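Engineer:
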Amino acid sequence: MDSTAESARQAPNLGHKIRALRQRLQRTLDETATAAGISKPFLSQVERGLASPSLTSLAGIAGALGVPLHYFVDTPSEDKTVHRAEHLRFFSFSGSPNLFARLTSSSVGSQIDSLLVRLPVGDASDTEVTTHAGEEFVYLISGELSLTVEGKTFKLHAGDSAHYESTVPHSWANTGDVETTLVWVGTPRLF
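Everything in the sequence shown is counted per the working numbering, starting at 25 for the first residue and increasing by one.
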């Protein structure tokens, strides 16, 4: 396939991404075009796949919609999108008996982090109360978890989940008699 045919094939996908983001942000064609420094009719043509923006125009559109340029030009790939079970690698932090494995990629612009966490039997080392910006979500795969949020303690079992603001004091501990395994999801990214 020649480059002209390839550009024509990708133009509707690019236009669809631009329109979808603009509509999700509840921005009009007019305000987006003005902020991007292009005409409203040209932006409309781009969104419908009838025109291809220059790199400068695309950078203007990205800026107007508050995303980096790569948001529109990156294509999904397995290494950016999928984590295979056979590549799961556990690590630990100094002084912690817990094991962690990253479930999300560390791509630029990502806002969430997801970890598989294994807490040993009776581990209470994570009882230190913490606060930080963002949100957290935990889903228990196996075992038990004692979760304390703002001084109130909840006992979670396999299949239970919890969602809370990270800005409030919170802590967790494995108070059961088997290893606890959970999925932790949080914003912003830890590292």
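Backbone N, C-alpha and C fix where the C-beta goes; we use that ideal spot for every residue, glycine too. What you are looking at is a predicted structure, and each value in this text was computed from that prediction instead of being measured.
Could you please give the first and the last residue of the uninterrupted alpha helix (DSSP H) stretch that includes L67?
Structural biologist: Sequence index remark: in the sequence shown, residue 67 carries index 43 (1-based). 64-71 is the span of the alpha helix (DSSP H), which, as asked, contains L67.
Engineer: Would you mind reading off the limits of the beta strand (DSSP E) that contains T128?
Structural biologist: Sequence index remark: in the sequence shown, residue 128 carries index 104 (1-based). Unbroken run through T128: none, as it is neither H nor E.
Engineer: Cα separation between G84 and G39?
Structural biologist: The count along the sequence shown starts at 1 and reaches residue 84 at position 60. The count along the sequence shown starts at 1 and reaches residue 39 at position 15. Note on geometry: alpha-carbon atoms of G84 and G39 lie some 14 Å from one another.
Engineer: Over the uninterrupted alpha helix (DSSP H) stretch that includes G87, give me the two end residues.
Structural biologist: Here residue 87 refers to the residue found at position 63 of the sequence shown. Note, G87: alpha helix (DSSP H), 79-89.
Engineer: If we cut at 7 Å on Cβ distances, does V106 have a partner in chain C?
Structural biologist: In the structure shown, chain C cannot be found, because there is only a single protein chain.
Engineer: If I follow the unbroken alpha helix (DSSP H) through L164, where does it start and stop?
Structural biologist: As a working mapping, residue 164 is identified with position 140 in the sequence shown. That residue, L164, is in no alpha helix (DSSP H); its beta strand (DSSP E) goes 159-166.
Engineer: May I ask you to report which of helix, strand or coil DSSP gives V207?
Structural biologist: As a working mapping, residue 207 is identified with position 183 in the sequence shown. V207: strand per DSSP, three-state reduction.
Engineer: Kindly give me the distance between the Cβ atoms of K179 and E189, rounded to whole angstroms, as I take these residues to be in contact under 8 Å.
Structural biologist: Walking along the sequence shown from the start, residue 179 turns up at place 155. Walking along the sequence shown from the start, residue 189 turns up at place 165. With a Cβ gap of about 20 Å, K179 and E189 do not count as contacting.
Engineer: In angstroms, rounded to a whole number, what distance separates the CA positions of S170 and T177?
Structural biologist: By one-based count along the sequence shown, residue 170 stands at place 146. By one-based count along the sequence shown, residue 177 stands at place 153. Approximately 7 Å, taken between the alpha carbons.
Engineer: Does the beta-carbon distance from A88 to T52 come in below 7 Å?
Structural biologist: In the sequence shown, the residue the question calls residue 88 occupies position 64. In the sequence shown, the residue the question calls residue 52 occupies position 28. Result no, Cβ atoms of A88 and T52 do not sit closer than 7 Å.
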